[in-house]
Structure formats: structure tokens, C-alpha cells
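The sequence shown lines up with residues 0 to 939 when you count with numbering that gives the first Met the number 0. Glycine is no exception: its CB is placed at the ideal position from the N, C-alpha and C atoms. All values reported here derive from a predicted model rather than from experimental measurement. All remarks here apply to the structure that follows.
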Amino acid sequence: MKTTFLLRTIFYVLILFSIPVCAQNKSNRELILIDKDWRFSFGHLYDTKKDFGHAEGYFSYLTKTGFGDGPAAKDFDDRAWRKLDLPHDWAVEQPFSESASFSHGFKAAGKNYPEKSIGWYRKKINVSNDDLGKIISLKFDGVFRNSKVFFNGFYLGTQESGYNGFEYDVTAYVNYGGENTIVVRVDASMEEGWFYEGAGVYRHVYLQKTNPIHVVQNGTYVTSEITNDNASITAEVKLENKGHFKVNVEINQTILDVSGKQVAINSENVKAPEFYKTNAYSSKLNVKNPLLWDIDSPNLYQLITEIKSEGKVIDSYKTSFGIRTIKFDPENGFFLNGKPVKLKGTNNHQDHAGIGTALPDEIQYYRIAKLKEMGSNAYRCSHHPPTPELLDACDKLGMLVIDETRLMGINDYHLNDLQRMMERDRNHPSIFCWSVGNEEWQIEGGITGERITNIMQDFSKSIDPTRPVTVGISSGFKSGISNVVEIMGYNYLGNGDIDAHRNQFKQQPGMGTEEGSTFATRGIYFIDDTKHYQSAYDKKPRPTFYSIEEGWKFYAERPYLAGMFIWTGFDYRGEPTPYGWPSVTSYFGMMDVCGFPKDNVFYLKSWWGKEPVLHLLPHWNWSGMEGKQIDVWAYSNCDEVELFLNKKSLGKKKMEQNGHLEWKVNYAPGTLEAIGYKNGKKVLTDVQKTTGKSENIKLSLDKENVFKGNVSVITVETTDKNGLHVPTVNDEITFSVKGGKILGVGNGDPTSLERDQFIDNIELVAISNFKEQKETNATLPQNLPNYSENEWTEAFKDRDYKKQAPSYIYKGEFDLKNNSASNVVSFFYKKIGVETVVFVNGNKVEPSKEDAQKYILNASILKEGKNTIHIASTPLQKVKDWDVMNTDPGTIQVITPAESWKRKLFNGYAQIIIQKDENGKEVVLSASAKGLLIGTLVVK
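So this is what it looks like as C-alpha cells:
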């Protein structure tokens with residue numbers, strides 16, 4: 000596909016981001032993104048004191064309704080917590096540690112780190128009195144993992160999996176016309192996968208408002224049948240009635256084409272469901288001369304479902320869908336819209352350099368565009384349901400998808416997760432196959448695997464009969480799941496005899512759900528196990544496995560195989576096979592974690608793409624190797640390629656189908672040039688030149704970015720005096736930004752232990768040894784007098800609230816690890832008196848202007864180690880005998896400013912991801928390094 004089409008499509012995608020909310024605002028339905036302005040703090044896995052006293056109360060949130068305690072309580076004081084926006088992945092913010100999880104990229108979070116395995120999120124929202132009578136709900140696209148959600152202190156539920164979207168009705172708990180508090184406790188101590196999974200509220204959160212009679216979550220299902228030039232559309236809608244309304248309603252179904260033109264409409268009157276019941280209704284519509292969805296022209300339609308009562312629209316629901324046909328044939332592979340399509344796929348996890356799993360929407364489109372540029376036409380969601388925005392990107396950019404559930408099984412936990420995934424995703428035309436499992440070694444070769452697969456397969460058909468089901472299998476292809484799965488998923492040629500299995504099951508279509516697992520380090524052309532370097536030349540990863548070229552040739556030569564999915568498109572955190580610490584990312588990707596291409600990308604682009612390709616490797620900076628032999632490869636789809644060194648021909652060679660070319664070249668500095676020929680005519684050249692030393696920093700906006708998006712990916716490199724990219728340098732670059740912020744940095748080095756993010760460190764310090772003395776009058780001191788040490792008693796112990804002193808003086812202690820002048824130290828006072836005077840180390844301190852209960856403490860009155868705080872106050876009085884009085888004086892917050900953002904180049908490249916300020920017009924990014932000219936880039 001041409002780059003111009005991709006850019007045009009990405010621009011169209013950006014416009015579409017706002018359409019669903021705009022369309023729904025015409026009715027009672029509102030879908031409001033509430034990602035901004037959350038408060039966050041770490042709790043603790045098992046120490047309830049460090050978990051802010053959560054679940055310590057006599058009545059827990061499971062004992063009595065509305066008894067959320069600690070941070071789950073509505074009025075918990077979270078002012079000292081960190082302020083952030085979602086999506087958020089706290090694992091990526093942590094340093095690396097050799098004692099951390101191998102499979103999760105050695106980040107110091109999760110099961111071995113109880114102080115970094117629990118995260119608390121809190122947000123306050125206002126709900127208008129005008130919303131009384133509507134159904135108010137919270138929608139989460141995904142929280143990793145084991146989340147508990149509270150609303151105004153009421154426990155809403157638990158979602159164990161980190162990959163499911165979920166929704167809670169909060170209508171009964173809302174404080175209409177006032178403030179409401181959302182609280183999420185996230186427990187990421189347990190791993191679901193064997194790959195980096197992140198931690199926290201890493202997908203979007205919404206507040207939804209609907210009429211009591213409304214379309215349920217994921218409540219539409221659109222299918223089509225094509226006959227000649229006509230598409231017969233079946234539009235099913237599920238309505239729910241959460242009110243006592245025994246009425247008839249009108250369901251209007253309207254189909255719009257990509258330009259917004261109405262192409263079909265249907266209307267019918269139906270009886271609304273009974274109270275708290277759900278009914279399904281089906282409509283038939285016809286689209287003449289439909290524009291079909293395919294990978295080159297991903298045409299989309301919109302179904303607008305309007306629910307009317309007494310002529311008034313009470314709900315409007317928008318569904319994006321495509322019209323297309325899919326078919327697997329056991330002899331001839333996969334067909335899209337009646338045409339054979341060889342699947343040229345990749346497997347991918349969901350993390351990216353610098354930002355972990357908390358991907359802004361624009362990065363989903365960026366990654367799919369990178370894969371399309373490589374020639375890929377298919378994507379396997381490995382190994383869990385994806386974020387909705389990834390599927391939107393695949394729909395709009397033209398990428399086929401295998402959508403995969405997390406775990407095989409036949410009970411509620413497994414089938415409910417499968418159903419939720421399918422009902423959420425089944426309107427996406429990009430999805431052509433469901434996967435109900437992957438490499439379940441315990442069961443895949445036996446009768447248990449057969450039984451589970453049969454149940455999950457049939458269950459899937461009950462939800463969506465239009466798509467087939469597969470399972471990725473790796474422990475031989477002779478029995479068990481292999482015998483019964485609808486579409487055989489072969490994981491690796493080296494794991495069994497694919498041809499033999501096919502000959503036994505000739506009516507069973509098949510595809511390579513995983514192939515490759517090759518090792519490569521971008522920009523490295525030799526193996527050095529001491530440095531954990533793997534050569535970028537395409538080689539077998541192990542004796543029984545196959546190179547990318549060998550794998551593709553095998554599948555390309557067999558029409559009965561629908562295609563293959565390479566492991567993987569991008570490198571990812573964790574699984575740093577064949578090494579361990581200090582390698583922290585995989586080596587499998589065709590691109591590194593940033594999306595910088597390894598050389599295999601150009602092999603695939605040659606044989607997967609449609610454009611002429613010529614790529615020469617390696618680079619030509621080999622100082623000290625003069626006269627020594629270098630392996631030179633050319634990836635191309637030209638008929639012939641001729642190689643020149645310093646204008647001297649080293650021979651012309653004919654290109655084999657799905658192959659590559661090699662030369663042995665004695666190194667001499669200068670210019671290595673390849674010329675590609677088609678039909679005897681020169682069509683392409685590629686050059687590798689020996690460069691000078693780095694002199695300039697170059698910043699460039701990647702072409703795969705969403706046009707005028709709020710988030711942009713920037714490539715960082717250095718050039719010599721002639722403007723040539725220097726491929727071997729690892730300079731450390733420091734960044735600054737105006738008009739926006741930096742989200743993350745990366746460089747694709749599997750052994751880099753540099754920070755992904757540079758954020759202020761917030762430490763909460765408790766006030767300990769809290770004591771009191773009674774005063775004889777209510778006048779508070781303005782200078783701290785001397786108090787007898789013998790008269791201090793434990794604060795609030797056995798307090799008789801009916802016989803309180805006129806005032807009290809309290810004393811406590813707090814420890815500071817250091818007293819750096821750059822630190823910002825604040826005391827967040829929690830009210831223990833009516834009038835208050837605060838002293839720190841004998842010095843009276845004044846409250847801040849913006850918050851009368853916040854005191855910013857100057858470094859000049861603080862000291863490293865133990866500090867003393869005195870609070871003089873007149874006492875609070877109980878209104879009722881059973882009132883629970885606050886006895887916590889507050890928290891000391893220490894903010895240590897982050898270092899400047901920086902990253903080393905790795906083999907000539909680094910990446911920085913930036914975000915514009917809200918309503919900002921441009922971002923100015925600057926990059927500097929010792930001995931190099933500063934680079935600047937303005938992003939509009």
C-alpha cells in the first residue's frame with residue numbers, strides 16, 4: 000500500500016476519534032472520557048498500615064454496603080498523592096532489577112515487590128442534578144490486574160483479568176448536584192502471561208449516561224450476506240429496561256457510508272423489555288453496490304441505532320462495521336471477498352518503548368502503520384483480548400486480525416471472558432478468526448484438550464457463527480486439539496510434521512499461527528554472547544527451528560496453508576531468549592521495541608509488499624577491519640542485483656523467488672552500492688557509505704504518525720559533516736520540550752537498563768510518636784514555648800470528648816532521608832482542630848494560599864534525619880456520640896524533581912514520544928549532547 004494512502008487514512012482516523020461522542024450527545028446518551036486528573040499512590044500487598052489502613056475496619060466493604068475504608072472511603076484525603084492522567088502503567092516507571100521477573104522484563108514491580116504491586120487510583124467527578132433519572136455507569140477498557148472499584152465508598156465489584164473491559168452501574172450511589180469519588184485498587188502481584196504486562200489502569204475510562212431504556216454495552220451485532228451487487232444486512236440490537244416503563248418503542252436503524260450519506264434505513268415498533276430485562280431485536284436492511292472492506296481499501300459503514308419513545312429519541316448508539324466475505328479452503332487457503340489472500344502476519348504483545356502498556360491511541364495507529372509498511376496484512380493478538388483502539392486501527396488501516404482470549408477452559412471464568420471479548424469485538428471487519436487458546440501444553444495433545452476445544456468452539460459459534468475458530472499448537476500435530484480444531488494453528492515448523500498432519504486431515508484448513516522466533520539485534524552483524532548481541536543476518540534460531548526466509552518459503556509454496564504469523568512484529572519487554580539478565584527485552588521482533596526496523600523487515604517487504612525493494616546490509620563503518628571479509632547481503636524483489644565497492648563491480652546475481660543474495664567482500668572504506676534490475680533495466684539503488692564522526696543531532700517526525708495527532712513519535716539520530724546517518728554511535732542525548740510533555744524514551748537496545756521515564760519521585764512520610772499536652776486556655780501560641788517533656792502523653796488516648804481542654808499542643812516526628820534544596824517538602828494537614836498553628840523544628844509555618852491545610856516547608860528549617868512538628872489547636876467537638884473523630888495529623892510529602900530526560904542512542908538511533916499540551920498548537924523539542932550541534936524540531 001502506498002504511503003500516501005496510509006497518511007490519508009490516518010488523517011481520516013483522527014477525525015473519526017470524536018464522532019461517537021458527538022453523535023450520541025443528540026440523545027440522552029453521553030460517553031465522557033474521564034482519563035484526566037486522577038490521583039495515584041502505591042499501597043502494599045499485605046501490610047495494611049502501608050495500604051493506608053484499607054480493610055482494617057470493624058465492618059469491611061464486604062460486610063456492610065458502603066463501608067469502603069482507607070482510600071476506598073469517599074472522603075479519604077488524597078491531596079499528597081501524585082496527580083496523573085490515564086492511561087498509566089506504573090511498572091514501566093520502575094527501575095530494572097536482576098531479582099525481578101525474567102518474563103516481564105526485570106522491572107522492579109509485581110509479585111516480588113509488595114510495595115510496588117498495589118496501586119490506588121482516585122478521581123472526583125461532578126454529576127448534575129439534570130442527570131437524575133438517567134442510568135449512570137463507569138466503563139473501564141482494561142485494568143491490570145485484579146481491580147476492585149468503589150464509588151462514593153460503595154464496592155462495585157472485582158475484575159480479575161487485566162485484559163477484559165467491564166462496566167459498573169453506579170446510578171443508586173450518585174450524589175447528584177455534587178461531588179462523587181471513584182476509587183480503583185489494582186493488584187498486579189500475579190502474572191497472567193509470560194511476557195511484560197504492565198500494571199495499573201492502562202486503558203481508557205469513561206462515564207456513561209443513558210436513558211433507562213437503552214442499548215446495552217456492546218449491544219449491536221451486524222452481519223452481511225452479499226449477493227451480486229447487493230448486501231443484505233442483519234442488524235441485531237439488545238435493549239435493556241432499567242426503569243418501570245411498560246411502553247412500546249421505535250427502533251430506527253440507519254446505515255451511513257464513509258461520506259455520511261444514508262444508504263439504508265429500517266424502522267419498527269417493538270415492546271420494550273420488562274423491568275431489568277433485556278430483549279434482542281433484529282432488522283433487515285439492504286445496501287446496493289456496497290463498498291467492500293479489504294486490506295487495500297478498508298471501507299467502513301456506520302450503523303446508527305436510534306430508540307424513540309413518543310417521537311423523541313431516547314437513545315442513540317453508533318456501530319462501525321464493514322461489508323466483506325471471508326472463507327478458509329482446505330486446498331487453497333484463505334479468501335477475502337472471493338479473492339485468495341496469503342496471510343502475511345505477525346504476532347504482537349501490547350507494549351511499546353518508553354510507555355509500557357499505556358499506549359495513547361495514536362501509538363496503536365503508528366504500530367499498525369509500521370507493520371503495513373513492512374508488507375504485513377494480518378495481526379495476531381498474542382495472547383489476550385486487545386485494547387479497542389488497536390482493533391479500530393486495524394479496521395481503518397486495513398489489517399486482518401486473529402482475536403485471542405486469554406485462557407482455555409469450560410467454566411464461567413473462561414467462557415464469560417470469551418463471550419465478553421467476542422461481543423465487544425465481533426463488529427470489527429478486520430477480525431477474520433477467533434483464537435480460543437495458545438500452546439496449552441498440559442492439554443493440547445490429549446482428550447482433555449479435545450473436550451475443551453469442542454466446547455469453546457461451539458460456544459464461540461453460538462455468539463458469532465460467521466467466523467472460524469483456531470488454536471495455536473506447539474507440542475506436535477498428531478492428536479488432541481489438532482484433531483478437532485476448525486482451523487489448525489501450527490506453532491513452528493520445528494514442532495511437528497505439518498505436511499503429515501495435513502495429509503491426515505485434508506478437510507481441515509491450516510495456517511502458521513507462530514513461525515520464526517529468530518534472534519536479531521538491530522544494527523549488529525556478529526554474535527557476541529558476552530555483550531548479549533545477536534547477529535541481524537537471518538539465521539536459524541536453533542537447530543530444529545527455521546529462519547524467517549525458510550519459514551516464509553515453506554508457507555508460500557503450499558497453497559493449502561493460508562499463510563503464517565511471524566513471532567514477532569515488534570520486540571517486547573521480557574522473554575530475552577537466548578539470554579537473561581541484563582537483557583530485558585526479546586530479540587524476536589522484525590522491529591525493535593521502538594519500531595526501528597531490523598534488516599529482516601526488508602526481506603519481508605521484498606516478498607510481502609507490492610513496491611520495488613532493494614536493501615543492502617550491513618552498514619559500512621568497519622574501522623579496524625580493513626582487508627577482512629564481510630558478509631554482504633541484499634534483500635530485493637528485483638530480477639537481478641549488481642554490487643559495487645568504490646565503483647568496482649563485484650558481480651551481478653539473479654534473485655531467487657522469496658530469497659536473498661550474498662557476497663563475500665573484503666572491507667575497504669568508501670561506498671558500497673547495489674543496483675537492482677527488472678527486465679534488464681536499472682530500477683533501484685541502495686548505498687552504504689563509510690561515514691565521518693557524529694557532528695549534528697537530527698530529529699525527525701516519523702511518517703507513520705497520525706496526522707496532527709496529539710501524540711507523536713520522534714526519531715533521534717546523529718549525522719556527520721555531510722549529513723550522513725552514523726550507524727555505530729551510542730551518544731547520550733538530553734531532551735527538553737516546550738508546549739507539551741515527554742511520555743517516554745527508548746532506543747531498542749535489549750540490554751539497556753536506562754530509565755524509560757523521568758518523573759518526579761513522591762515520597763509520603765508518616766508523622767510518628769504523636770503526643771499531646773492540654774492547654775489551660777484557647778489562645779494559640781504564635782511562638783513555640785518550652786514544654787515539659789514529662790507531661791507528654793499519647794495523643795487522643797482515652798479522650799473524653801465531653802470534657803475537652805480549651806486547646807491542645809501536639810508533638811510528632813518525621814524523618815527525611817535527605818534535605819536537598821531542590822526537594823519540595825509539604826505538610827498536608829488533616830484537620831484535628833478548629834483553629835490551628837503549626838511549627839516545624841520550632842519555626843512557625845504558614846499555610847499556602849491555594850490550600851489552607853497545606854504547608855510548604857522551606858529547606859532552611861528542615862534537616863536530614865529526625866524533624867519535629869508541633870500543632871497547636873482548639874479541639875473539634877462530637878455532634879453525635881458515635882461520631883468517629885480524626886486522629887491523624889496528616890502526611891509529609893517529599894517531591895524529588897526528576898533528572899532531565901535523556902537516552903543513549905543505540906547503533907545510531909533513539910526514540911522519544913511527545914504529547915502536546917491540551918489545546919496547544921505546537922511542541923518544540925530540543926536535543927543536546929556533548930560535542931554535538933543541538934537539534935530542534937517543531938511539531939504542529
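Where do the ends of the beta strand (DSSP E) carrying Arg81 lie? Its beta strand (DSSP E) spans residues Arg81 to Leu83.
Alpha carbon to alpha carbon, how far is Leu335 from Ser319? C-alpha separation (whole angstroms): 19 Å.
Using the Cβ count rule (16 or more neighbours within 10 Å means buried), how would you classify Gly515? It counts as buried.
Measure the alpha-carbon distance for Ser281 versus Ser585 and round it to whole angstroms. Distance between the alpha carbons of Ser281 and Ser585 is about 47 Å.
Going by beta-carbon coordinates alone, are Gly197 and Thr356 separated by less than 8 Å? The answer is yes: Cβ separation under 8 Å.
Would you tell me roughly how many angstroms separate the C-alpha atoms of Ala79 and Lys829, rounded to the nearest one? Computed Cα separation, rounded: 11 Å.
Endpoints, beta strand (DSSP E) assigned at His869: Looking at the DSSP string, the run of the beta strand (DSSP E) that includes His869 is Gly864 to Pro874.
Which value, in whole angstroms, describes the spacing of the CA atoms of Phe143 and Ala187? Going by the C-alpha atoms only, they are around 6 Å apart.
Buried or exposed: where does Asn24 fall if 16 or more other Cβ atoms within 10 Å of its Cβ makes it buried? Its pLDDT being 34, under 50, Asn24 is placed unreliably in this model, and the value from its coordinates should be taken loosely. Exposed: under 16 other Cβ atoms inside 10 Å.
Tell me where the alpha helix (DSSP H) around Ile480 begins and ends. Going by DSSP, Ile480 is part of the alpha helix (DSSP H) stretching over Ile480 to Val483.
Give the single residue among Thr835, Ala909 and Asp916 whose Cα lies nearest to the Cα of Leu700. Looking only at Thr835, Ala909 and Asp916, the smallest Cα-Cα distance to Leu700 is reached by Ala909.
What would DSSP say about Ser160, mapped onto helix, strand or coil? Of the three classes helix, strand and coil, the one that applies to Ser160 here is coil, per DSSP.
Between the alpha carbons of Val286 and Glu267, how many angstroms are there, rounded? Each residue's CA atom was taken as its position, placing Val286 and Glu267 some 18 Å apart.
Could you give the distance in angstroms between the alpha-carbon of Tyr316 and the alpha-carbon of Ser429? C-alpha separation (whole angstroms): 21 Å.
Does Thr452 get closer than 8 Å to chain B when you measure Cβ to Cβ? Among the protein chains of the structure shown there is no chain B, as only one such chain exists.
State whether the segment 777-794 contacts the segment 745-765, with contact taken as three or more CB pairs (one from each stretch) at a distance under 8 Å. With a cut-off of 8 Å on Cβ pairs, the segment 777-794 is not in contact with the segment 745-765, counting fewer than three such pairs.
Nearest residue (CA-CA) to Gly218, options Thr543, Gln503, Glu305 and Tyr172: Answer by Cα proximity: Glu305.
Nearest-angstrom beta carbon gap, Ala71 and Arg184 [assumed within contact, 8 Å]: That belief holds up - the Cβ atoms of Arg184 and Ala71 are roughly 7 Å apart, short of 8 Å.
Spatial neighbours of Trp662 within its chain, please: C-beta separation below 6 Å, excluding the five flanking residues on both sides. Once the five neighbours on either side are set aside, the close Cβ partners of Trp662 are Val631, Leu642 and Leu649.
When the distance is taken between beta carbons, is Tyr205 closer than 8 Å to Ile31? Taking 8 Å as the Cβ cut-off, Ile31 and Tyr205 qualify as a contacting pair.
Nearest residue (CA-CA) to Glu249, options Ile264, Thr324, Arg541 and Gly623: It is Ile264 whose Cα lies nearest to the Cα of Glu249.
Please list the segments of the alpha helix (DSSP H) lying wholly inside the segment 358-429, counting only runs of 4 or more residues, in order along the chain. As far as the segment 358-429 is concerned, its whole alpha helix (DSSP H) runs of at least 4 residues are 360-373, 387-396 and 411-424.
DSSP beta-bridge partners of Lys681: Tyr676.
Could you tell me the alpha carbon to alpha carbon distance between Asp496 and Val257, rounded to whole angstroms? Their Cα atoms are separated by approximately 46 Å.
Determine, using beta carbons only, whether Gly104 and Tyr162 come nearer to each other than 8 Å. In this structure, Gly104 keeps its C-beta atom at 8 Å or more from the C-beta atom of Tyr162.
With DSSP collapsed to three states, give me the class of Val600. For Val600, the secondary structure class from DSSP, reduced to helix, strand or coil, is helix.
Are the beta-carbon atoms belonging to Ala392 and Leu302 less than 8 Å from one another? Taking the C-beta atoms as reference points, Leu302 is found no nearer than 8 Å to Ala392.
Counted within 10 angstroms of its Cβ, other Cβ atoms place Ile933 as buried (16 or more) or exposed: Taking all protein chains shown into account, Ile933 has fewer than 16 neighbouring C-beta atoms within 10 Å of its C-beta and is therefore exposed.
Can you tell me the Cα-Cα spacing of Gln803 and Tyr412, whole angstroms? Whole-angstrom Cα-Cα distance: 56 Å.
Residue interval of the beta strand (DSSP E) (run including Asp168): The continuous beta strand (DSSP E) containing Asp168 extends over residues Phe165 to Asp168.
Can you tell me the Cα-Cα spacing of Lys929 and Leu723, whole angstroms? Those two C-alpha atoms are separated by around 19 Å.
Candidates Leu291, Phe41 and Val214: which alpha carbon is nearest Arg81's? Looking at the Cα atoms, Phe41 is the closest of the given residues.
Applying the 10 Å Cβ sphere with the 16-neighbour rule, what's the burial state of Ile446? It counts as exposed.
Where does Lys552 fall in DSSP's three states? DSSP places Lys552 in helix when its eight states are reduced to three.
For Leu931, which three-state DSSP category applies? Note: Leu931 maps to coil in three-state DSSP.
Looking at Tyr120 and Phe39, is the spacing between their C-beta atoms short of 8 Å? Cβ distance < 8 Å, so Phe39 and Tyr120 count as in contact.
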